[in-house]
Ligand code: RWZ
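Residue numbers (this note's numbering): 39 to 412.
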């Protein structure tokens, strides 16, 4: 049923004129099937894109997911030097029909690397403009990831600058690449691809939300991203693991202060995200961009002042995410959803403070919520 979505030949108008573009249906079926397996939620938003963009974004996702799998594997490579070399050479795989990798990653991600030639063949059939964007972003992301391999990530990034830089490489660049694909398709304004700052902020908002939510999971994997200049203000032991072992009430209070500072930092990106979304003209592209943003603010609201972040996984309920997806159609609807979550965070901050929390980020939290609600 899944492959029926792709009735070959697909139209592609990247570069101007509508061009009939015939993709190999086995290769396309693989790309679609593996996408659903590696990310059910992204598969859903990608599939509702206009068909002139669908394959481009699908293959862009898989290529970056393959790169992410290499970056994530902490045991497959014999040294940092090997991993750096493989990351830096990865963009060459896009022009090499024989490039594959075995024994890296797990499950469906491992399969994606093993069967990479199927993605490569689809990539090669995209319009040159789309290929250039995808290759440029892949290369820059991999170079950025390589810079972070040498650093020991067991205790997080050094400071806010490094935190922002890491998020730029792994997510901000995705935003830039997508904006360039949108404008190349002709479905968005020609200058949209030049909105580098707003595109970066869109990616940062999603990435920071994931980093905040995944504290425990990442920490136990010794792959932490929380910035040291933030968490060291709150950790009595000078270790990031302090928040995971809340034996006493004091550690718990400090953990929540640290969490709230990072949630506040992420909320400060919201005005730029709303500015980006307000510039979109194509309804399907709007939904593709807005749905993950709406899920992110719902997640941040759920994380704010929530001790569960330090003991398990915080996930938004299925019912809530379904309702949010159905409500995300226009900029007015998105503004109202963002306002609702900003008011929720604001009221939790006030409650906490009245109970004597003395959260050092309190004023900043209220200011960032008020800016969203205004
Ligand atoms: C959405 C076309 C998995 C590509 C990048 C993303 C690997 C690190 C993980 C491909 C939303 C979570 C997916 C923040 C962008 N990098 N972070 C397209 C991909 C958030 C998406 C995932 C990043 C990314």
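Positions of the beta carbon are idealized from the N, C-alpha and C atoms, including for glycine.
- Each residue's CA atom was taken as its position, placing residue 331 and residue 89 some 22 Å apart.
- Taking the Cβ atoms as the reference, residue 151 lies roughly 6 Å from residue 143, within the contact range of under 8 Å.
- Under the three-state reduction of DSSP output, residue 152 falls in the helix class.
- About 6 Å separates the beta carbons of residue 196 and residue 266, which is inside the 8 Å limit, making them a contact pair.
- Residue 138 and residue 154 do touch by the CB rule: their CB atoms are close to 5 Å apart, below 8 Å.
- Cβ-Cβ distances below 7 Å link residue 238 to 206, 210, 213 and 214 in the same chain, with the five nearest sequence neighbours on each side left out; the list follows chain order.
- The three-state reading of DSSP puts residue 306 in coil, since its state is none of H, G, I, E or B.
- DSSP, read as helix, strand or coil, puts residue 263 in coil.
- With respect to the C-alpha of residue 182, the residue from 106, 133, 78 and 169 having the closest C-alpha is 106.
- For residue 81, the distance from the CB to the nearest heavy atom of the ligand RWZ is not below 7 Å.
- Per DSSP, the continuous alpha helix (DSSP H) segment holding residue 250 begins and ends at 234-251.
- Burial check for residue 358: the Cβ neighbour count within 10 Å stays below 16, so the residue is exposed.
- Residues of the same chain with a CB within less than 6 Å of the CB of residue 294, apart from the 5 flanking positions on each side, are 343 in chain order.
- Residue 260 sits exposed, since fewer than 16 C-beta atoms from the chains shown fall within 10 Å of its C-beta.
- Judged by DSSP secondary structure, residue 278 falls outside any alpha helix (DSSP H); it is assigned neither H nor E.
- Under the three-state reduction of DSSP output, residue 378 falls in the helix class.
- Between residue 218 and residue 171, the C-beta gap is smaller than 8 Å, which places the two residues in contact.
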